[in-house]
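For reference, the structure is listed below as structure tokens.
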Amino acid sequence: MNTLNQIAWDDTVLPFQLDRSDIRGRVVRLDGVLDHVLSRHDYPPVVSALVAEVALLTALIGPTIKLRWKLSLQVRGNGAVRTIAADYYAPESEGAPARIRAWASFDADRLDSRAPFDQIGDGYFAILIDQGRGSTPYQGITPLAGGSLSACAQTYFAQSEQLPTRFQLASGLSKVVGRAEQWRAGGVMLQTLPAQPSDNGEGGTGEGGLIEAADILQGGESENWNRANLLLDTVETLELIGPTVGPTDLLLRLFHEETPRVYEAQRVEFGCSCTADRVRDTLSIYSAKDIGHMTTAEGIVTADCQFCGAHYEFDPESLGFEATVDAEGNPLSDSDKAAE
-5 MNTLNQIAWD DTVLPFQLDR SDIRGRVVRL DGVLDHVLSR HDYPPVVSAL VAEVALLTAL
55 IGPTIKLRWK LSLQVRGNGA VRTIAADYYA PESEGAPARI RAWASFDADR LDSRAPFDQI
115 GDGYFAILID QGRGSTPYQG ITPLAGGSLS ACAQTYFAQS EQLPTRFQLA SGLSKVVGRA
175 EQWRAGGVML QTLPAQPSDN GEGGTGEGGL IEAADILQGG ESENWNRANL LLDTVETLEL
235 IGPTVGPTDL LLRLFHEETP RVYEAQRVEF GCSCTADRVR DTLSIYSAKD IGHMTTAEGI
295 VTADCQFCGA HYEFDPESLG FEATVDAEGN PLSDSDKAAE
């Protein structure tokens, strides 16, 4: 594959369908997006691997939902890695890219030689869907189990959506001739076609035990699913990550007997929704006394975005529900205060 085609597939999600098996799927390649996410933080390799896995899952799951605004993946645990979070923002218009951001918090002193997933400990994996103003956010939760975050996502779809789902993911530092070393990642998602629209009204807790594909599929459906999974098991790490094997070539290598059909690829890029106004809105619930506790010795309130690293500084008198000046430092009248 030439350099032009390599670049064309970077940071894309390619939807496909296996006509013979009635299975849909997606192939994702993250290049600049993932490198942008990880270069913002000095993560140890084990943490970078977990962030990459969550970013890949977010890129694969986000487009499967008729999303108007945002899908979030959140992982919380009591281990060395406490939190991993990623957001997928739906394209703002037809032809526009989707946006992804991701971040993790961890205790460096507690990291050890165990596998990345084992660094999280006990906790939960959550998918949150926010369709924007006028809608009630949906949340589905599953316990951390199965040995990987991909397995947790598979369990979520099986128990909450009754849709057998499979993920095969890989990530790592890559060196391409003529380009600097940087992070690359890739993955494939397989999912049975739903017999009827799924109801996002309830999320499972997983307390009754993990549900697997065999609990849902019967007869020919089960045979098709098992066959597609056996084919996916043959994929190699370098095929997933690329860039020498394009997603269409990968699908033909893996599923040529399943009659793969591809659809229009979705571009993705790094994107963060943080703004000074959003920070002000977050702090609007605090009193002047609370704001005083947040004020530095220099007489300002500071905030840093965990996702993109943006740094904000505010006049404390412009914050909280007892603010006396606006964002520009102009005195607020009584009517202004009442409106806020």
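Residue numbers (the numbering used here): -5 to 334.
All C-beta atoms, glycine included, are put in the ideal place defined by N, C-alpha and C.
Sequence-distant residues of the same chain with beta carbon closer than 6 Å to residue i, five excluded per side
i      : result
Ala43  : Pro110
Gly198 : At Gly198 the pLDDT is 40, less than 50, meaning the model places this residue with poor confidence and gives no usable figure here.
Asp81  : Lys64, Ser66, Arg95
Glu196 : At Glu196 the pLDDT is 40, less than 50, meaning the model places this residue with poor confidence; the figure from the coordinates comes in the next sentence. No residues qualify anywhere along the chain.
Ser168 : Arg178
Pro310 : Ile285, Thr289, Val295
Glu142 : In the sequence as displayed, the identity of residue 142 is Ser instead of Glu. Once the five neighbours on either side are set aside, the close Cβ partners of Ser142 are Phe111.
Ser33  : none
Ala145 : none
Ser216 : none
Val239 : Glu233
Among the options, the one whose alpha carbon lies nearest that of residue i
i      : options                        : result
Glu251 : Phe308, Asp16, Phe301          : Asp16
Leu61  : Tyr37, Ser87, Gln68            : Ser87
Phe10  : Asp4, Trp3, Val21              : Val21
Ala179 : Pro325, Ala46, Val229, Leu12   : Ala46
Ser312 : Asn218, Gly89, Met288, Glu217  : Met288
Phe161 : Gly126, Gln113, Arg221, Ala147 : Ala147
Thr77  : Asp116, Ala222, Leu277         : Asp116
Thr52  : Thr318, Glu263, Asn220         : Glu263
Ser107 : Val48, Pro38, Ser216           : Pro38
Thr6   : Ala49, Asp36, Cys302           : Ala49
Leu105 : Gly134, Pro91, Gly73           : Gly73
His30  : Ala90, Pro85, Gly236, Gly265   : Gly265
Asp25  : Asp298, Ser165, Leu12          : Ser165
Glu322 : Leu224, Arg274, Val239, Leu187 : Arg274
Leu187 : Ser144, Arg18, Glu175          : Arg18
Gly71  : Leu326, Ser129, Leu138         : Leu138
Ala102 : Asp243, Asp36, Gly172          : Asp36
Tyr150 : Val239, Val171, Val69          : Val69
Cys302 : Val171, Leu12, Leu28           : Leu28
Leu12  : Arg23, Ala297, Leu245          : Leu245
Leu157 : Ala297, Ile55, Arg261, Thr276  : Ile55
Ile135 : Trp3, Tyr118, Gly126           : Tyr118
Gln133 : Gly126, Arg127, Ala120         : Ala120
Arg23  : Thr231, Gly128, Thr276         : Thr231
Pro57  : Arg221, Glu175, Gly126, Arg261 : Arg261
Residue interval of the alpha helix (DSSP H) (run including residue i)
i      : result
Ser281 : Element bounds for Ser281: n/a, residue is neither H nor E.
His30  : 26 to 33
Ile235 : 231 to 235
Ala147 : 143 to 150
Run of the beta strand (DSSP E) containing residue i, from where it starts to where it stops
i      : result
Leu163 : 159 to 168
Ala179 : 176 to 186
Phe100 : 92 to 100
Thr58  : Neither: Thr58 is in no beta strand (DSSP E) and is coded neither H nor E.
Glu307 : 305 to 308
Thr77  : 75 to 83
Gln156 : Counting along the chain, Gln156 falls outside any beta strand (DSSP E), and DSSP gives it neither H nor E.
Leu313 : Note, Leu313: premise wrong, no beta strand (DSSP E); not H, not E.
Asp5   : Where Asp5 is concerned, there is no enclosing beta strand (DSSP E), given that its DSSP letter is neither H nor E.
Asp298 : 295 to 298
Thr136 : 132 to 137
Ser87  : Premise fails: Ser87 is in no beta strand (DSSP E) and is neither H nor E.
Leu326 : No beta strand (DSSP E) contains Leu326, which DSSP labels as neither H nor E.
Val69  : 64 to 71
Same chain, Cβ closer than 7 Å to residue i, neighbours up to 5 away in sequence not counted
i      : result
Glu316 : Ser281, Ala282
Pro131 : Leu122, Ile123, Asp124
Val75  : Val41, Leu44, Ala98, Phe100, Gln113, Ile114
Leu226 : Arg160, Gln162, Val182, Leu184, Leu248
Leu8   : Arg20, Val21, Pro241, Val256, Ala259
Pro85  : Pro91, Ala92
Leu346 : The question about residue 346 has no answer, for the chain in this structure spans -5 to 334.
Ser278 : Gly314, Phe315
Cys299 : Cys266, Cys268
Beta carbon proximity, residue i to chain D, threshold 8 Å
i      : result
Cys146 : Among the chains of the structure shown, chain D does not appear; only one protein chain is present.
Proximal residues to residue i (C-beta, below 8 Å), its chain only, five neighbours per side dropped
i      : result
Arg14  : Asn218, Glu251, Glu252, Thr253
Gly140 : Cys146, Gln148, Thr149, Leu204
For the segment 104 to 130, which segments carrying the beta strand (DSSP E) assignment without a break, of at least 3 residues, lie completely within its bounds, in sequence order? 117 to 124
For the structure I just gave you, are there three or more beta carbon pairs, one from the segment 248 to 257 and one from the segment 276 to 296, closer than 8 Å? At 8 Å Cβ cutoff, the stretches do not touch.
Stretch-stretch touch, CB-based, cutoff 8 Å, three pairs: the segment 303 to 310 with the segment 263 to 278: yes
Write down every uninterrupted run of the alpha helix (DSSP H) in the segment 237 to 286 whose length is 4 residues or greater and which is fully enclosed by it, in chain order. 241 to 249, 270 to 277
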